[in-house]
Amino acid sequence: MSLAGPLGAVIGFALGLLEYRLMSAVVIGALRRTDRSQTAAEKDDYERRIRILRAVLVVMTIGLMPVLGFVIGRTLFG
Numbered sequence: 001m002s003l004a005g006p007l008g009a010v011i012g013f014a015l016g017l018l019e020y021r022l023m024s025a026v027v028i029g030a031l032r033r034t035d036r037s038q039t040a041a042e043k044d045d046y047e048r049r050i051r052i053l054r055a056v057l058v059v060m061t062i063g064l065m066p067v068l069g070f071v072i073g074r075t076l077f078g
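In case it helps, the UniProt record's numbering puts the sequence shown at residues 1 to 78.
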């Protein structure tokens with residue numbers, strides 16, 4: 001078996017982690033600045049939605065990038 005697939009997955013993981021850190025900092029920072037919550041319940045709901053968004057970002061970037069890297073590595077080099 002060629003090392004192209006696993007190497008692509010490792011590179012994909014690293015790029016996904018970097019992308020997650022950058023995207024979450026920008027997007028969640030902007031969301032926190034635009035928070036118009038008046039009550040504690042509204043604030044809790046807003047924070048819950050941010051946690052859901054963070055989980056979606058993790059799955060999309062850190063979860064899918066290694067798979068994409070593996071497929072690209074195997075297709076192009078191995």
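Backbone N, C-alpha and C fix where the C-beta goes; we use that ideal spot for every residue, glycine too.
Q. For the putative contact between I28 and R48, defined by C-beta atoms under 8 angstroms, what is the C-beta separation to the nearest angstrom?
A. Taking the sequence shown and counting its residues from 1, the one referred to as residue 28 is at position 28. Taking the sequence shown and counting its residues from 1, the one referred to as residue 48 is at position 48. Their Cβ separation, rounded to whole angstroms, is 13 angstroms, which puts I28 and R48 out of contact at 8 angstroms.
**Q.** alpha helix (DSSP H) segment containing R36, residue limits
**A.** Here residue 36 refers to the residue found at position 36 of the sequence shown. Premise fails: R36 is in no alpha helix (DSSP H) and is neither H nor E.
**Q.** Inter-residue Cα distance where the pair is V26 and F77
**A.** Stepping through the sequence shown from its first residue, residue 26 is reached at position 26. Stepping through the sequence shown from its first residue, residue 77 is reached at position 77. One C-alpha to the other measures close to 34 angstroms.
Q: Please name the residue, chosen from V71, G63 and G73, that lies closest to L18 on a Cα-to-Cα basis.
A: Here residue 18 refers to the residue found at position 18 when the sequence shown is read from its first residue. Nearest option by C-alpha distance: G63.
Q | Outcome for T75 when other beta-carbon atoms lying within 10 angstroms are tallied against a minimum of 16 | A | By 1-based counting over the sequence shown, the position of residue 75 is 75. Counting other Cβ atoms within 10 Å of its Cβ, T75 stays below 16 and is therefore classed as exposed.
Q: Indicate the three-state DSSP secondary structure (helix, strand or coil) for G78 in the structure shown.
A: Residue mapping note: residue 78 aligns to position 78 of the sequence shown, counting from 1. Here G78 sits in coil by DSSP.
Q: Give me the Cβ distance between Y46 and D35, rounded to the nearest whole Å; I'm assuming they're in contact under 8 angstroms.
A: Walking along the sequence shown from the start, residue 46 turns up at place 46. Walking along the sequence shown from the start, residue 35 turns up at place 35. At roughly 6 angstroms, the Cβ-Cβ gap stays under 8 angstroms, so Y46 and D35 are in contact.
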